[in-house]
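The structure appears right after this line, and notes come after that.
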Amino acid sequence: MNVKVIYYLDVISSWCYWAEPAWAELKQRYAKSPVEFCWAIALIDESGMPKSRQQADWFYRRSGTIVRSPFMLNSGWLTGLKEYLAPNCVAEAAKDFGVTDDRVRLRLMEAAMREGQKVGDWDVSAAVAAKAAGLDSAALLKKARSPEIEKRVRAATAEFHALQVTQRPAFVLEDNIGDRAVFSGLVKAAPIASTIDVMLDDAAAYASHAAHFGSPPPG
């Protein structure tokens, strides 16, 4: 791959929910290009969590109007947890069953922020995810609650914090010639697509140079 795009998200982040159409647009646009897309969990901690449904609804009204949504998100999922490990670990665990696409976490997002389901409950998240992916709920739940999965989720969260950004979604773009770009908080495809195009063009230029001149001469 010439360009790799990593999308850092929390399953219960409303801004990540609003960014999903852009993510889908990018994946479709570059489906036949040398671009790799993957996602990773970046847990929201207590400091970034709404303190009440009333506060969450205020944020939902703000973000919903900003993106011109015809519907308002549902804060019914909020149960006062300091972090929502269950839906995020369940989404991560589904990867170990071969479900590496977006369908599990998208369904968990819909269950939480459209339907108000209590996805902070491990059994609820496992049932929602298993149905979406055609997996065994008990097996998925066992994997999601394993130390291995939590370790992966927390490691990815640490990678997000190492970027020294605070907003989710965050998108990290890297190419094979060492360039890197980070977008934090954006929910539209255009600026990310423009950067991918530049990176692909630069990578092609380097490949052309290498074909003509080979490796640099020794010092």
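Numbers given in my numbering equal positions in the sequence shown, counted from 1, plus 8. We put the beta carbon where it would ideally sit given N, CA and C, even for glycine.
Item: Do D104 and P151 have their beta-carbon atoms positioned less than 8 Å apart in this structure?; Value: The sequence shown places Lys at residue 151, not Pro. For K151 and D104, yes; Cβs fall inside 8 Å.
Item: In its own chain, which residues sit with a C-beta less than 8 Å from the C-beta of V19, not counting the 5 before and 5 after it?; Value: I49, Y92, P95, N96, A99, R113, L116, M117, A120, V127
Item: Looking at the structure shown, is E91 part of a helix, part of a strand, or coil, going by DSSP?; Value: coil
Item: Run the CB neighbour count on W6, radius 10 Å, all protein chains shown included, and call it buried at 16 or more, exposed below.; Value: No answer is possible for residue 6: it lies beyond the span of the chain, which begins at 9 and ends at 227.
Item: Which of the three DSSP states is assigned to I49 in this structure?; Value: strand
Item: Taking three-plus beta-carbon pairs below 8 Å as touching, is the region 177-185 in contact with the region 202-220?; Value: yes
Item: Return the chain-ordered list of same chain residues with a C-beta closer than 6 Å to the C-beta of G222, the five sequence neighbours on each side being excluded.; Value: none
Item: Can you find the residues in the same chain that come closer than 8 Å, C-beta to C-beta, to L89, ignoring five residues on each side of it along the sequence?; Value: M57, G128
Item: Kindly indicate which three-state DSSP category F79 falls into: helix, strand or coil?; Value: coil
Item: Between the alpha carbons of E156 and A101, how many angstroms are there, rounded?; Value: 9 Å
Item: Please state whether the Cβ-Cβ distance between R37 and N82 is less than 8 Å.; Value: no
Item: In the DSSP assignment, find the alpha helix (DSSP H) that holds R188 and state where it starts and stops.; Value: Note, R188: premise wrong, no alpha helix (DSSP H); beta strand (DSSP E) at 188-192.
Item: Considering only residues of the same chain and omitting the five flanking positions on each side of S192, which have a CB-CB separation below 6 Å?; Value: V173, Q175, A178
Item: Give me, in chain order, the residues of the same chain whose beta-carbon lies closer than 8 Å to that of S154; leave out the 5 immediate sequence neighbours on both sides.; Value: A101
Item: Throw me the rounded Cβ distance for the W26 and Y15 pair, which I believe falls under 8 Å.; Value: Rounded, the Cβ-Cβ distance is 13 Å, inconsistent with contact.
Item: Ignoring anything shorter than 3 residues, give me the beta strand (DSSP E) runs that lie fully in the region 9-50, in order along the chain.; Value: 11-17, 43-49
Item: Out of Q63, F79, K12, which one is the CA nearest neighbour of L86?; Value: Q63
Item: How about L17 and A201: do their beta carbons lie closer than 8 Å?; Value: no
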